[in-house]
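Participant:
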Amino acid sequence: MSASVLYDAPGPKAVVRNRIYSVLGSAAIVALIVVAVVRLSSKGDLDGGMWDIFNYSGIRTNIADAVVATLKAFALGAAGSLVLGVVLVVGRLSDHRPVRWLATAFIELFRSLPLLITIYAIWVGFLTDYSMWALALGLAVYNGCVQAEVLRAGINSVPKGQREAAYALGMRKSQVVAAVLMPQAVRAMLPTIISQLVVTLKDTSLGYIILYPELLATARLIASNTPVDGQYPYVSTIVVIGTIYLAMCLLLSALATWIEKRGRRAKTGIAVGPSAVPPEVNGSTDAVEDGKVGV
Amino acid sequence: MNVLFDHFSAFRDGFIGTLEITVISTVIACVLGIVIAGFRVSPVPPLRFFGTAWVTILRNTPLTLLFLVATFVVPEIFFPGMSPFLLASLALGFYTSSFICEAIRSGIGTVPLGQAEAARSLGLSFSQTLRMVVLPQATRTVIAPLSSIIIALTKNSAIAGAFSVTELFGWQKAMSDLGYGIVPIFIWVAIGYLIITFAISGIFRLVESRMEVAR
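Residue numbers (my numbering), protein chains in the order written: chain A, 6 to 300; chain B, 151 to 365.
Laid out in structure tokens, this is it:
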């Protein structure tokens, strides 16, 4: 057992006690699972027939279509949120006061409202016949605001010297942002940006409420339309759909973790020589000490 | 403007409903979150495994799916006829508990190693160390992330409205079904939520300044 902040390596007595707790804890967890399974199977929720429905090719096609629909809304929402995030953060850090205020107000408003409220308003008010676009637009607006804040934190974490150096080189403001600040901000914040994409993926399930046929809506439809022996296979459908969601989200999370590890390992930018050794100027180091380094 | 005055009592009910579900699921989430965080740092492997599984599963499942689970699976396991309000609070509380657990766990990580060592050398047991020395200190670092988790919970409670719980999203839906313009409805619902979230962040700022301590 690895050492922890909270406890020493256990002695003989603690080992015995921990074993007892292990057995009791496992027993409690197993009991919980057994009770759930027994109750569900006594209600007939776990009968073979409930799981056979996933052998029908029609239902398989439905689920596959639903996964595609979910991924479509996710792709649109994610792309939109990233673009909007960049636009909003540029606006928020703008030198022009009205632009800055507008962007700040937009971010603050839509970030503090439930996504469902926004999606529903967009759907009812503007895009009633295009539920996919309503969902994607809602996802883009909400997550764009969150991504803008993430990017802002990233830009603020870029050392000041970077910006000053870029201006000193004669770059324009747009060049400084696009070529110097943004790449470093994105790099620093990539794990957070991807975790927010996981949230975006999970939130596609809100499409269920505005009647967009994504994975969850399809699950509900399957469960309520294929009764087995007069009972509706909600439990088995939820298990199957839940597994699909879990797999998709864990894959994205794993990507974030992988990038985080990779980012920690990689060297950033150009290798900088040890600062303790002054560069040789004209064959002597005296000029450096005088503070008159010739170029 | 009309939509609020014509249906003020419904709006008030929705506002109170949102408040109620927020408070109750916050309590559920905090209790569960602390217990699971205790599991995750405990010296007992099965409990640690259980905690990890809990957090991984709940964090990577859409909340809407958890509402479906609460509506269709939970009544099958426990007794049927639980109210939608209770089921929704359970779904929301379980979902949020995983986030609270992780916040507390990272808070525990910020407590200096010497504190726990000192507690142990005084002869305190694991649960005593956790309860009397580590958790009170971890609480201080956890307050800021906790406030954003609870604000997220408030926002997530909107989904409960789609599962027949009286709250603000339900009002938005009902009003737009009655044919009112969506923009004024949206503005009033937005104000309702902004009041709650501002109140929460205000309370947390107050708590934070009270509990501030130099380390």
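The beta-carbon is built from N, C-alpha and C at its ideal position, and this holds for glycine as well. Fair warning: this is a prediction, and the values are worked out from it, not measured in the lab.
With distances taken from CA atoms, which of A/Y237, A/V185 and A/A222 is nearest A/A228?
Facilitator: Closest option to A/A228, Cα to Cα, is A/Y237.
Participant: Quick one: residues in its chain with C-beta nearer than 7 Å to the C-beta of B/P193, no 5 flanking neighbours on either side, listed in chain order?
Facilitator: F276.
Participant: So within the segment 225-295 of chain B, which uninterrupted alpha helix (DSSP H) runs reach at least 4 residues, ignoring any that extend past its ends?
Facilitator: 234-260 and 263-271, all fully within the segment 225-295 of chain B.
Participant: With 8 Å set as the bound, which would you pick, yes or no: does the beta-carbon of A/C150 sit closer than that to a beta-carbon of chain B?
Facilitator: Judged by the 8 Å Cβ criterion, A/C150 is not in contact with chain B.
Participant: Which two residues bound the contiguous alpha helix (DSSP H) that contains B/E317?
Facilitator: B/E317 -> no alpha helix (DSSP H), and no H or E assigned at all.
Participant: Are the CB atoms of B/P212 and A/S210 nearer to each other than 8 Å?
Facilitator: Their beta carbons are under 8 Å apart, which means B/P212 touches A/S210 by this criterion.
Participant: In three-state DSSP terms, what is B/V357?
Facilitator: In the structure shown, B/V357 sits in a helix (DSSP, three-state: H, G or I).
Participant: Would you be able to state if there are at least three C-beta pairs under 8 Å between the segment 241-260 of chain B and the segment 167-182 of chain B?
Facilitator: Judged by Cβ distances under 8 Å, the segment 167-182 of chain B makes contact with the segment 241-260 of chain B, as three or more pairs qualify.
Participant: Compare the C-beta of B/Y343 against all C-beta atoms of chain A and say whether one is closer than 8 Å.
Facilitator: Interface residue, yes.
Participant: Provide the residue(s) that pair with A/Q236 in DSSP beta bridges, ordered along the chain.
Facilitator: DSSP, once it has assigned bridges, lists A/V233 as partnering A/Q236.
Participant: My assumption, with CB atoms under 8 Å, is that A/V155 sits in contact with A/Q189. Please give the rounded CB distance.
Facilitator: About 14 Å separates the two Cβ atoms, so there is no contact after all.
Participant: In this structure, does DSSP put A/A190 in helix, strand or coil?
Facilitator: In this structure, A/A190 counts as helix in the three-state DSSP scheme.
Participant: What separation, rounded to the nearest whole angstrom, lies between the Cα atoms of A/A261 and B/F155?
Facilitator: Those two C-alpha atoms are separated by around 48 Å.
Participant: Kindly indicate the opening and closing residues of the alpha helix (DSSP H) around A/D134.
Facilitator: It is not in any alpha helix (DSSP H) - A/D134 carries neither H nor E in the DSSP assignment.
Participant: When the Cα of A/D234 is compared with those of A/L37, A/G53, A/K18 and A/I124, which residue comes out closest?
Facilitator: Nearest option by C-alpha distance: A/G53.
Participant: Whole-angstrom Cβ separation of B/Y343 and B/T304, contact assumed at under 8 Å?
Facilitator: Correct: roughly 7 Å between the Cβ atoms.
Participant: For B/Q322, which residues in chain A fall below 8 Å Cβ to Cβ?
Facilitator: Ordered by position in chain A, the residues that pass the 8 Å Cβ test against B/Q322 are I122, Y125 and A126.
Participant: Can you pull the chain B residues whose beta carbon is under 8 Å from the beta carbon of A/I246, in chain order?
Facilitator: Correct list: L215.
Participant: Using a Cβ-Cβ cut-off of less than 8 Å, list which residues of the segment 39-60 of chain A approach chain B; keep chain order.
Facilitator: Within the segment 39-60 of chain A, the residues whose Cβ lies closer than 8 Å to some Cβ of chain B are V40, A41, R44, L45, K48 and D50, listed in chain order.
Participant: So which residues on chain B does A/N23 lean against when the C-beta distance must stay under 7 Å?
Facilitator: Correct list: P193 and V194.
Participant: Would A/A69 and A/E219 qualify as a contact pair, given that the criterion is a beta-carbon distance under 8 Å?
Facilitator: Their beta carbons are not under 8 Å apart, which means A/A69 does not touch A/E219 by this criterion.
Participant: Closest by CA to A/G30, which one among B/V185, B/A160, B/L169 and B/P195?
Facilitator: Considering only alpha carbons, the answer is B/P195.
Participant: Tell me the rounded alpha-carbon separation between A/L140 and A/R97.
Facilitator: Going from the Cα of A/L140 to the Cα of A/R97 covers about 25 Å.
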